[in-house]
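Everything on this sheet refers to the single structure shown next.
Chains as they are written, first to last, in this note's numbering: chain A, 700 to 808; chain B, 1365 to 1479.
The following block contains the structure:
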C-alpha cells in the first residue's frame, strides 16, 4: 500500500524552479522519503532522499516539513531534459520501495 | 550511466517459451533487485538478492525465478511465457541492506515482448 500521494501531472516553464509536492502523512518517524525519476521507459534514476532535515545535492533539493507529513522536491532551474515521471517513495515493512504512479512533470519551452 | 548493465536490451519470443535476463550490478554493490514494469504502469518489485542469497520476494510469479552468482551478477528466468508477461524488466543494485536499500541504481532495462 502506497504511503505517499502525488499529483498526477504538473507543468513548469523552462528555466523556472519546478516544485513537486508529496504527501506522506502516514510514514513513521524513522522512515526515509526517496525521490526517483524515470525519463520515458529508461531505468529510474535516484535523485535524493531525506528523513527530517532538508537535503540538497547536485540534482535537486528536498524540503521536508517539520511534522514530516509532506515534502517538496525542487529542481532549481528546470530544463527540457527534466521532463519525466517523478516518484516520491517510502519503504514497506520488508524494506522494499513502494512505487506509486508518480507525477508526470512536463517542462515547457 | 548508472553502472548497472542488463542484457539483452530487447527480447521477442513466443508464448510458452523460456527466457533468461541478465544483470551486472555496479562495482561494489552486493544487492540486486528485479522489477517489472508493464505498459504505462508503475514498477512492481519482484525479488531481491544480497551477496548470493535471496532476501526479499515481492509479486513474483511461480513461473519466474532468479539467482545471484558468486561474481554478483544476477539472472531472472521467465518460463511458460504468456502475453501478459510482456513488459520492461529492470534490474537495480545497491550497496547493502539496511539504510542503503532505498538508494538503488537501475539498469537500462530489458524489453520483453511475448507474441
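Ideal placement from N, C-alpha and C gives every residue a C-beta, glycine not left out.
Status (buried if at least 16 other CB within 10 Å, exposed otherwise) for residue i
| i | result |
| --- | --- |
| residue 1435/B | exposed |
| residue 781/A | buried |
| residue 1428/B | buried |
| residue 1463/B | Per-residue confidence for residue 1463/B stands at a pLDDT of 48, beneath the threshold of 50, marking its modelled position as unreliable; no derived number is given. |
| residue 707/A | exposed |
| residue 1391/B | exposed |
| residue 727/A | exposed |
| residue 1373/B | exposed |
| residue 763/A | buried |
| residue 1433/B | exposed |
| residue 1474/B | buried |
| residue 779/A | exposed |
| residue 724/A | exposed |
| residue 755/A | exposed |
| residue 801/A | buried |
Residue i CB to nearest heavy atom of the ligand HEM below 7 Å
| i | result |
| --- | --- |
| residue 758/A | Among the components of this structure there are no ligands whatsoever, and the ligand HEM is therefore not found. |
Whole-Å CB distance - residue i paired with residue j, under 8 Å assumed
| i | j | result |
| --- | --- | --- |
| residue 1418/B | residue 1411/B | 7 Å |
| residue 789/A | residue 730/A | 5 Å |
| residue 1377/B | residue 1445/B | 6 Å |
| residue 1447/B | residue 1382/B | Between residue 1382/B and residue 1447/B the Cβ distance is about 15 Å, and since that is not below 8 Å, they are no contact. |
| residue 1408/B | residue 1422/B | 7 Å |
| residue 784/A | residue 807/A | The Cβ separation is near 16 Å, so there is no contact. |
| residue 722/A | residue 751/A | Contact flag wrong, Cβ pair sits at about 17 Å. |
Test item: CB-CB of residue i and residue j under 8 Å
| i | j | result |
| --- | --- | --- |
| residue 1478/B | residue 1379/B | yes |
| residue 1365/B | residue 1458/B | no |
| residue 705/A | residue 799/A | yes |
| residue 1468/B | residue 1451/B | no |
| residue 1395/B | residue 1369/B | no |
| residue 738/A | residue 772/A | no |
| residue 796/A | residue 1466/B | yes |
| residue 1430/B | residue 1398/B | yes |
| residue 774/A | residue 712/A | no |
| residue 732/A | residue 749/A | yes |
Short CB-CB distance (under 8 Å) between residue i and chain B
| i | result |
| --- | --- |
| residue 796/A | yes |
| residue 731/A | yes |
| residue 756/A | no |
| residue 728/A | no |
| residue 783/A | no |
| residue 800/A | yes |
Cβ of residue i within 8 Å of any chain A Cβ
| i | result |
| --- | --- |
| residue 1430/B | no |
| residue 1438/B | no |
| residue 1448/B | no |
| residue 1366/B | yes |
| residue 1394/B | no |
| residue 1407/B | yes |
Residues that residue i contacts on chain C, provided the C-beta gap is smaller than 9 Å
| i | result |
| --- | --- |
| residue 759/A | No chain C is part of this structure, whose protein chains are labelled A and B. |
Open item on the list: At a CB distance below 7 Å, what residues from the stretch 706-724 of chain A approach chain B? Give them in sequence order.
Closed with: none
Open item on the list: Please list, in chain order, the residues of the stretch 734-752 of chain A that have any C-beta partner in chain B closer than 9 Å.
Closed with: 735, 737, 740, 741, 742, 743, 744, 745, 748
- [ ] Taking only beta carbons into account, state which residues of the stretch 1409-1423 of chain B come closer than 9 Å to chain A, listed in chain order.
- [x] 1409, 1412, 1419, 1420, 1421, 1422
Task: chain A contacts from the stretch 1450-1479 of chain B (Cβ-Cβ distance under 7 Å) - done: 1452, 1454, 1465, 1466, 1467, 1468, 1469, 1470, 1471, 1472, 1473
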